[in-house]
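Beneath this line is the structure, given in structure tokens, with notes to follow.
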Amino acid sequence: KRLAAASSFAAAAAYFRRGLRLLGRGMLAGSEGAGAAAAAGTEGSDGEDNGDGDWSTQYELTLELHQSFAEALIVSGDFDAANASLVQIFDHAKSFADKARAYHALINLLGSMNRTVDAVATGFSALSTLGETFPTGDDLNLEAVREDMLRTMDALEGTTFD
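Shown next, in the form of structure tokens:
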């Protein structure tokens, strides 16, 4: 855990967190009312900035910062903070396309926590929003899923994204 905290990913996460805080305070260029918000010190009701960004006026930037923040946190091992950032995305994203990268990050997060069953269920849940049906609960045969994944990996061996 100490090595992860010392990595470049921890530093990147700190920069993303700072960006979200600045954006939430309206202090980044292009924010509507940046000067007034900064002067008023718009922070959470408890006087602290919640670092959630500005979903209403800076949607795309807030989405990108949360995505990158969550990914950096996963790699650096801060799973709780990564999950909190992903929750922000799922709560505010406007479309499945905006959630797709967050689903991928959540599946990676669950896999990193050795929660394979939850990772598979999350993948199925994400795909079900596109109209695909998959088994759930007791109907889910993990051995069959594992075999299908191995066959898929074998079929894709040697292929590139290009």
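The sequence shown: position 58 = 709 (the working numbering), numbered continuously. Where a beta carbon is used, it is the ideal one built from N, C-alpha and C, also for glycine.
Asked: I'd like the list of long-range same chain contacts for Asp729, defined as Cβ closer than 6 angstroms, with 5 residues on each side in sequence excluded.; Found: none
Asked: Does DSSP put Val796 in a helix, in a strand, or in coil?; Found: helix
Asked: Could you check what DSSP says for Glu783 in three-state terms: helix, strand or coil?; Found: coil
Asked: Starting from the C-beta of Ala687, find all residues in its chain whose C-beta is less than 7 angstroms away, skip the five residues before and the five after it, and write them out in chain order.; Found: Reliability fails at Ala687, whose pLDDT of 42 lies under 50, so the model's placement of it is uncertain and the value that follows must be treated cautiously. Cβ neighbours of Ala687 beyond the five flanking positions: none.
Asked: Based on Cα-Cα distance, which residue from Val796, Ala723 and Thr803 lies nearest to Thr767?; Found: Val796
Asked: Any idea what DSSP makes of Thr708, helix, strand or coil?; Found: coil
Asked: Spatial neighbours of Leu716 within its chain, please: CB distance less than 8 angstroms, with the 5 preceding and 5 following residues excluded, ordered by chain position.; Found: Phe667, Gly670, Leu671, Leu674 and Gly704
Asked: On the three-state DSSP scale, how would you describe Ser719?; Found: helix
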